[in-house]
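>
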Amino acid sequence: MADTLTLFTSIGLSEQKAKETMKNEALSSALKEAVTQAQRVHGASGVDKAMGTLLYNMASRLKDAKRLAFLADSIVQRKICTELQLAAALDFVKSHPQDPINQKEFEEACGVGVVITPEQIEDAVESVIKKHKEQLLKERYHFNMGLLMGEARSALKWADGKVIKNEVDMQVLHLLGPKTEADLEKKPKVKAKKEEVAVNGNTGEVKSLMEQLRGEALKFHKPGENFKTEGYVVTPNTMSLLKKHLDLTGGQIRTRFPPEPNGILHIGHAKAINFNFGYAKANNGICFLRYDDTNPEKEEEKYFTAIKDMVEWLGYKPYAVTHASDNFQQLYDLAVDLIRDVSFFSLGEELKGHNAPPSPWRDRPIEESLVLFERMKKGLFAEGEATLRMKMVMEDGKMDPVAYRIKYTPHHRTGDEWCIYPTYDYTHCLCDSIENITHSLCTKEFQARRSSYYWLCNALDVYCPVQWEYGRLNLTYTVVSKRKIIKLVETGVVRDWDDPRLFTLTALRRRGFPPEAINNFCARVGVTVSQTTTEPHLLESCVRDVLNDTAPRAMAVLEPLKVTITNLPEDSQVLPDFPANEAKGSHMVPFTCTIFIEQSDFREVMEKGYKRLTPEQPVGLRHAGYVISVQKVIKDAQGNVVELEVNCCRSETAEKPKAFIHWVSKPLTCEVRLYERLFLHKHPEDPSEVPNGFLSDINPNSLQVISSALVDTSVKGAKVFDKFQFERVGYFSLDPDSTADKLIFNRTVTLKEDPGKI
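Per our numbering, the very first residue in the sequence shown carries number 1249; after that it's consecutive.
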């Protein structure tokens, strides 16, 4: 055992990964053979991590064991050096099951020895561009450049994709020249019909769920076939229990979302909600919302309400809302049964850490433990004086986990009926069993508890669901720990759990993130066993995609500069709600001789490349049909520009201006809150990045309040959480702090960055 562990860690596997591998007999045997073969050639220390990774990936993915030696030799001889080559090699042996393998064809299929020169890349890209030259010249930068990349990569399968892209960009620039104003205009998107993206006869909504559930999730067992899952423990009664389970459920998929009601849900919970509810929905199953309410000291009614609110906000309806406390009596009765078999009553001790010495109470007589447990229930012990423990060793070495402990705190549902409460390790699997859950989906940190999950169900001889762990969703530049968010609130860094700079779901809703965008983000991230750390810009991209189609346009000026048009009669203008699709509606705004523009849209001194308003350069007014030219610059006593006098002419009679700017007339005054990242570093909880702790990493510019911004009158009737695109500024949502007299808008996200904008 030790030799195998050493062998696996020598190729770069972590000790935990090596131990996990050793539990899989088939994989362990295959990897041992492959590594031994490699060490015969390179020596015990000659197998580096890159080669070790290839050997591990090959052993774990190879279906035909007779090809193991052949593929291992190809890796050992450094013929297969990359993941791309390994994938090609696995595809080749899968499609060539008969002996002998044609070595020459194999090496050609896997790119063995292939070296792609810069000249070859240049020639291949030139050939692709020549093929599409006519269409490129016609469509210019609106042409689908991905098509060029795809064809070039097909011609140069083993070339570096980044190098190909650089060459494509360079040759396109050489052919077309720099982007013009027309090139920078967005091409209207043509939406595909929902029927074209339907799956199994359902709408595109289900496809997004199935896209989210790609990969490992699609390999799940069918209901009643729990025993086919790797690691599932089969007992003499397993098959009869599964039959009873199927009789009760009719073969229905059943999942659950089981939050603890002691805090607000965050972005990581959104992934869990999407996975549990989405998997059930995609398979015509049901999902329970179950509150794990077994710790009355930390639970509050507001958390119960907020959790259900957020689940429904994301678009999901629980089949039933249940509580662990619904089962307190049944859980207690099962604990009594457990004492008669493999549980014991412990007095005044803690088994701390892993591989702790056995408790002196481990072999206490059953009848004595039953009597003491009854006394514990009646409140005859002090808190911490006694516990009920399960007599087993967990997967991570933790010994005899606690099943029940004493808490003299009234429960929000059961009041003072109980003074003993079951732990997560005891409650979770049994509630899953009681509700006949088919797939108990949880994050990776619960993997060490899988052994106790299976052990307890089997010890009590009840139906045992399958526990499946997936990687947590982590975001950079934030913290989601309840304890740390409370600290942020208590120290006044943020206002509350729904401060828009946080990544709690209530905060994201307040900031204006649509629930569809959060669901789409979870779908893009996917569900895999590996940990996922993602930067916020991917989530923000999903938000823009949704708001671009759903947020009506308005015009707002954050830093106003007064402009008086000397030759314009008062008028009104009809503005489209969605300029890309004017059929979706419009709104009317005043257009008078006094308008306001952004201070940044005027420069008194002309600079090279500046396209907006100057004394020498006119500018167009968006949607107005006018071009304005500066006649007079008015300054205050300090020399600051406070007003411009301009004249105007119709757009069709003027030379086309280099830019069009937004404006407001007879506007409403509003407050605008601009948000940036709350933390300065990617990983504020990492001591190596932030030695003085996360509270020392606060971005002092994470909130900017503009109290006297101006917005056009079309937003006057907006309701809380209504969303708008303020043209050229960003996406905004109406904050709950708004009143009839003062509208307050939160910036949800900025518009897409445009490096060409000056």
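Glycine included, every Cβ here is placed at the ideal spot set by N, Cα and C.
1) DSSP beta-bridge partners for T1996?
2) Rounded to whole angstroms, what's the CA-CA distance from S1322 to L1275? Just pull it up for me.
3) DSSP three-state label for R1870, please.
4) Who are the near neighbours of Q1847 in its chain, counting only those whose CB is closer than 6 Å to its CB and skipping five residues on each side?
5) Short of 6 Å in beta carbon distance, which residues of its chain neighbour S1681, apart from the five on each side in sequence? Order them along the chain.
6) Taking one C-beta from the region 1331-1344 and one from the region 1376-1395 each time, how about it: are there three or more such pairs within less than 8 Å?
7) Report, in whole angstroms, the separation of the C-beta atoms of W1911 and F1972, which I expect to be a contact under 8 Å.
8) On the CB-based measure, 16 or more other CB atoms within 10 Å of its CB, does V1363 come out buried or exposed?
9) Where does the unbroken alpha helix (DSSP H) through D1371 begin, and where does it stop?
10) Give me the residue from T1657, Y1652, E1683, D1541 with the minimum Cα distance to A1568.
11) Give the range of the alpha helix (DSSP H) segment to which P1763 is assigned.
12) Compute the distance between the beta-carbons of M1624 and S1699, then report whether it is under 7 Å.
13) Where does L1723 land, buried or exposed, given buried means 16+ other C-beta within 10 angstroms?
14) Excluding five sequence neighbours on each side, which residues of the same chain lie with their C-beta closer than 7 Å to the C-beta of F1839?
15) With DSSP collapsed to three states, give me the class of H1931.
16) Which same chain residues, not among the five before or five after D1540, have their C-beta less than 6 Å away from its C-beta?
17) Helix, strand or coil for S1308? Go by DSSP, reduced to three states.
18) My understanding is that L1958 touches A1802, with C-beta atoms under 8 Å, so please give their C-beta distance in whole angstroms.
19) Assign W1561 to one of three DSSP states: helix, strand, or coil.
20) Nearest chain B C-beta to L1991 closer than 7 Å, yes or no?
21) By the three-class DSSP mapping on this structure, what secondary structure does W1716 have?
22) Using 7 Å as the threshold, is the C-beta distance between R1860 and L1922 below it?
23) Spell out a yes or no on whether the region 1648-1657 and the region 1622-1637 are touching, meaning 3 or more CB-CB pairs, one atom from each, closer than 8 Å.
24) In this structure, how does DSSP classify T1726 when only helix, strand and coil are distinguished?
25) In or out: Q1368 buried (at least 16 other Cβ within 10 Å) or exposed?
26) To which residues of the same chain is N1543 closer than 8 Å at the C-beta, ignoring the five residues directly before and after it?
27) Taking the beta carbon of G1463 as the centre, do at least 16 other beta carbons fall within 10 Å, making it buried, or is it exposed?
28) Under the rule that 16 or more other beta-carbon atoms within 10 Å means buried, what is M1647, buried or exposed?
29) Between T1752 and I1946, which are expected to be in contact by the criterion C-beta below 8 Å, what is the C-beta distance as a whole number of angstroms?
30) Quick check: what's the CA-CA separation for N1829 versus V1794?
To lay it out plainly:
1) Bridge partners of T1996: none, in fact.
2) Those two C-alpha atoms are separated by around 19 Å.
3) It is coil, neither helix nor strand.
4) Around Q1847: E1807, L1809.
5) Excluding sequence neighbours, S1681 sits near C1705, V1710, Y1711.
6) Using a Cβ-Cβ distance cut-off of 8 Å, the region 1331-1344 and the region 1376-1395 are not in contact, since fewer than three pairs of beta carbons, one from each stretch, lie closer than that value.
7) No, W1911 and F1972 are not in contact; Cβ-Cβ is about 16 Å, not under 8 Å.
8) The residue is exposed, with fewer than 16 neighbouring Cβ atoms inside 10 Å.
9) Per DSSP, the unbroken alpha helix (DSSP H) holding D1371 starts and ends at 1366-1379.
10) The candidate whose alpha carbon is nearest that of A1568 is E1683.
11) Run containing P1763: 1763-1773, per the alpha helix (DSSP H) assignment.
12) The Cβ atoms of M1624 and S1699 lie no closer than 7 Å to each other.
13) It counts as buried.
14) Apart from the 5 residues on each side of it in sequence, F1839 sits with its Cβ closer than 7 Å to the Cβ of D1819, S1820, Q1821, A1872, S1913 in its chain, given in chain order.
15) Three-state result, H1931: coil.
16) These residues qualify, in order along the chain: P1506, E1508, A1572.
17) Per DSSP, reduced to three states, the secondary structure at S1308 is helical.
18) The distance from the Cβ of L1958 to that of A1802 is about 11 Å, inconsistent with a contact at the 8 Å cut-off.
19) Under the three-state reduction of DSSP output, W1561 falls in the helix class.
20) This model lacks chain B altogether; it includes just one protein chain.
21) Collapsing the DSSP output to three states places W1716 in a strand.
22) No; because the gap between Cβ atoms is not below 7 Å, this pair is not in contact.
23) Judged by Cβ distances under 8 Å, the region 1648-1657 makes contact with the region 1622-1637, as three or more pairs qualify.
24) In the structure shown, T1726 sits in coil (DSSP, three-state: anything other than H, G, I, E or B).
25) Exposed.
26) For N1543, same chain residues with a beta-carbon under 8 Å away, outside a window of 5 residues either side, are E1508, N1510, K1655, Y1669 in chain order.
27) Caution is warranted here: a pLDDT of 43 is assigned to G1463, below 50, making its placement in the model unreliable, and no coordinate value can be reported.
28) Its Cβ being crowded by 16 or more others within 10 Å, M1647 is buried.
29) The C-beta distance from T1752 to I1946 rounds to 17 Å, too long to meet the 8 Å contact threshold.
30) Cα-Cα distance, rounded: 15 Å.
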